[in-house]
């Protein structure tokens, strides 16, 4: 049976005030800070996302899977200590590993839903994309984030086969060892959201990143506008 958590109300955000809509900040590679409904959520604080560990006043942290570019195990305890009100949710394969290491964590898998303050998060997806036949596949839980009357966001982690339904903003992997560029643009076409933001880009040079962004723009969703958050400044979305 799908689990449903309700963490209840959270304290008002103590960082920069933000009222209405959804604000996304790309903190490096696959990591996004999502601010919606006076709630601050962090997704995939990995080893290539150092700014993630400077974040405070978080309500929850979500980890899609255990690879180090999405989860920095060494710095995670530091992040949680600095955000004592934040609950950690991870895919079902990672949760028991962290529990064995003494980390307080909730397993979050396909069909689960959680309410954090005014935000609602649903787990979408089960398995990491195939990297190679000789590398075992692991669990991967994408997150669909929204709030009443506000835009919805889907962060897929490392997979392109999940079905998030209609979303306003799609965070899409720009480049990965497990993905061809035509799969990236095919993912954009299939979901075809109003907006898409590139993530998972740490392996690209500046010129290479521009090339992939051009492909996403020219060959992606017919109705999709690419909004690049790669400069690290917040980008706002409203319905």
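Residue numbers (UniProt numbering): 1 to 239.
Yeah, the Cβ is synthetic: ideal placement off N, Cα and C, and Gly gets one too.
This one's a predicted model, so the numbers in the text were calculated from it and none came from an experiment.
- Distance between residue 113 and residue 99, taken at the CA atoms: about 21 Å.
- The criterion of a C-beta distance shorter than 7 Å is satisfied by residue 201 and residue 209.
- Here residue 154 has 144, 164, 167, 170 as same chain residues with Cβ atoms under 6 Å from its own Cβ, once five neighbours each way along the sequence are excluded.
- Between residue 158 and residue 128, the CB-CB gap stays under 7 Å.
- Annotation: residue 123 to residue 211 spans about 31 Å, alpha carbon to alpha carbon.
- Where residue 208 is concerned, the enclosing alpha helix (DSSP H) starts and stops at 206 to 219.
- Residue 49 is not bridged by DSSP to any residue.
- In the DSSP assignment, residue 187 falls within the unbroken alpha helix (DSSP H) covering 181 to 191.
- For residue 40, the uninterrupted beta strand (DSSP E) segment begins and ends at 39 to 43.
- A residue is called buried once 16 or more other Cβ atoms fall within 10 Å of its Cβ, and residue 205, having fewer, is exposed.
- The DSSP-derived three-state label of residue 163 is coil.
- In the structure shown, residue 24 falls within a strand segment according to DSSP collapsed to helix, strand and coil.
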